[in-house]
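Numbering (my numbering), first residue to last: 30 to 600.
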């Protein structure tokens with residue numbers, strides 16, 4: 030809860046930590062880790078659990094609390110200290126606190142919640158698509174997690190390097206190519222180009238059911254590709270370009286850019302030298318089938334190079350890790366990949382450690398769960414998958430219906446609001462869940478202006494903007510000591526917690542923490558709005574409440590921005 034007042038930094042939590050450090054003998058980080066924010070303001074603003082000292086001091090928690098209470102005295106910022114059961118509870122000076130928090134937000138504006146620049150560089154890899162079909166709902170979750178984690182890390186002061194790996198070779202790619210060669214009639218795309226490619230993947234699956242021998246032809250095509258056959262490579266280059274061009278259009282919709290995109294076709298053969306050298310050095314060994322393997326103990330034995338000299342996925346990943354560190358030298362490398370690949374990344378990180386990879390401790394697998402639709406799991410081979418572009422269109426149309434029922438707008442303004450609300454609904458619904466959790470995506474629920482949705486938060490932001498537009502000529506002096514209702518206190522606490530939440534989201538790579546926080550702030554604002562007059566408030570309370578909602582509007586905008594969501598001024 031750090032705020033600035035001139036050159037002096039006032040940090041209420043740090044002050045509590047310092048008071049306790051002096052009297053408990055604990056280190057600041059130990060105290061900070063256990064300090065709690067009570068569920069109700071009746072129990073203060075911070076609570077220290079005295080039972081953590083019981084074993085060390087051989088005393089009951091209540092007795093420890095009583096002894097600490099005698100030694101720790103109130104200050105200008107900490108108004109009152111009380112015992113509540115085994116806790117020592119600290120009550121901050123609300124008048125000062127209100128002023129510090131609101132004025133700091135209004136001063137910092139878009140920078141509120143951001144941290145000072147750090148030296149560390151963090152590379153984040155996402156979304157890693159296959160070039161035989163458009164980006165589906167699973168890729169969308171990957172992209173949104175990757176992009177929002179990138180935003181949050183940048184706000185936390187890190188230099189962030191987003192990269193992508195295109196899985197552009199292999200049997201799955203050849204299946205689309207074979208279908209195009211047989212039935213494509215050399216056509217050019219008549220729709221978004223990655224969808225055009227995806228149609229042939231679906232067509233191949235349909236035809237293979239009728240003629241199972243097609244799989245042999247697909248494997249034959251893969252052999253030709255690996256041998257550099259000109260005709261096969263020409264089809265591959267053409268279809269790959271179509272797929273990648275289509276992906277770029279989708280990335281643009283979400284403001285996604287990469288410092289570098291890697292292609293599997295450029296690196297699938299790489300890593301062989303690293304593996305063979307490790308074999309010579311006795312790090313790897315051969316199994317009974319002459320495959321080169323890494324013995325990873327509890328993680329099992331992992332083949333890193335086949336007996337025929339062909340590489341496996343992990344061979345490529347070993348090579349890519351070295352390439353990226355040699356080129357960019359990141360301190361941390363985050364892989365955003367579905368939880369189905371948990372074992373793969375555990376094995377990869379163990380292998381890199383065996384190889385003496387200098388920054389193996391900086392490798393992190395940010396896994397995420399499945400996204401289901403109300404009607405079940407997605408199946409891309411059968412064409413029943415929900416792809417990202419169609420979902421965007423569906424959400425935009427649903428937003429259009431909501432808006433048209435409320436307002437008459439110009440076509441230009443209607444399109445802008447449809448995009449703001451449709452994207453906001455889609456992004457927020459996905460990011461409000463902890464990345465590790467599976468969930469069901471319900472488009473109808475996500476677009477609602479009520480409930481735990483993006484439009485609910487956007488509407489709170491727009492409502493505040495509407496009040497502020499009407500406030501001209503109604504401003505008064507500001508007196509922060511007038512903010513005394515429970516709703517006002519809860520709002521200011523939420524505003525103060527925002528930078529802490531951003532920091533926690535950065536440390537844990539969890540955009541859901543930011544999403545939940547701004548949702549709770551919106552809910553608390555709406556409770557306040559329905560109970561407390563703002564423009565009709567009397568005297569200086571009116572100007573003070575206007576300053577309060579201006580601060581809420583700013584924090585909602587900042588939080589939505591970290592998630593990649595626009596904060597519309599009107600809904």
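Ideal placement from N, C-alpha and C gives every residue a C-beta, glycine not left out.
Kindly indicate which three-state DSSP category residue i falls into: helix, strand or coil?
i           : result
residue 686 : The question about residue 686 has no answer, for the chain in this structure spans 30 to 600.
residue 111 : strand
residue 30  : At residue 30 the pLDDT is 39, less than 50, meaning the model places this residue with poor confidence; the figure from the coordinates comes in the next sentence. Looking at residue 30 - three-state DSSP - the assignment turns out to be coil, as it is neither helix nor strand.
residue 76  : strand
residue 566 : coil
residue 543 : helix
residue 516 : helix
residue 92  : helix
residue 191 : strand
residue 599 : coil
residue 503 : coil
residue 118 : strand
residue 415 : coil
residue 410 : Confidence at residue 410 is low in this model, with a pLDDT of 46, below 50, so its placement is unreliable and no value can be given for it.
residue 160 : coil
residue 482 : coil
residue 133 : helix
residue 40  : strand
residue 196 : strand
residue 592 : helix
residue 215 : coil
residue 144 : coil
residue 297 : coil
Is there a Cβ from chain B that is less than 9 Å from the Cβ of residue i?
i           : result
residue 462 : Checking the listed chains, one finds no chain B in this structure; it contains a single protein chain.
Roughly how many angstroms separate the alpha carbons of residue i and residue j, rounded to a whole number?
i           : j           : result
residue 460 : residue 97  : 42 Å
residue 300 : residue 347 : 6 Å
residue 455 : residue 427 : 11 Å
residue 498 : residue 573 : 16 Å
residue 181 : residue 535 : 6 Å
residue 275 : residue 463 : 29 Å
residue 225 : residue 425 : 22 Å
residue 411 : residue 235 : Interpretation of residue 411 is limited by its pLDDT of 48, a score under 50 that renders its predicted location unreliable; no figure is taken from the coordinates.
residue 550 : residue 587 : 12 Å
residue 84  : residue 70  : 29 Å
residue 156 : residue 193 : 6 Å
residue 601 : residue 201 : Limits of the chain in this structure are 30 at one end and 600 at the other, which puts residue 601 out of reach.
residue 577 : residue 556 : 14 Å
residue 448 : residue 353 : 36 Å
residue 306 : residue 321 : 11 Å
residue 268 : residue 248 : 18 Å
What are the partner residues of residue i, as DSSP defines its beta bridges?
i           : result
residue 322 : 314, 332
residue 367 : 397
residue 392 : 362
residue 152 : 190, 362
residue 468 : 400
residue 340 : 334
residue 165 : 416
residue 65  : 76
Go ahead and label residue i buried or exposed: buried means 16 or more other beta carbons lie within 10 angstroms of its beta carbon, across all protein chains shown.
i           : result
residue 63  : exposed
residue 519 : buried
residue 92  : exposed
residue 264 : buried
residue 4   : This structure cannot speak to residue 4, because the chain is shown only from 30 to 600.
residue 288 : exposed
residue 58  : exposed
residue 160 : buried
residue 436 : exposed
residue 212 : exposed
*At which residue ranges does the region 217 to 293 contain complete alpha helix (DSSP H) runs of 4 or more residues, listed in the order of the chain?*
222 to 239, 243 to 255, 259 to 282
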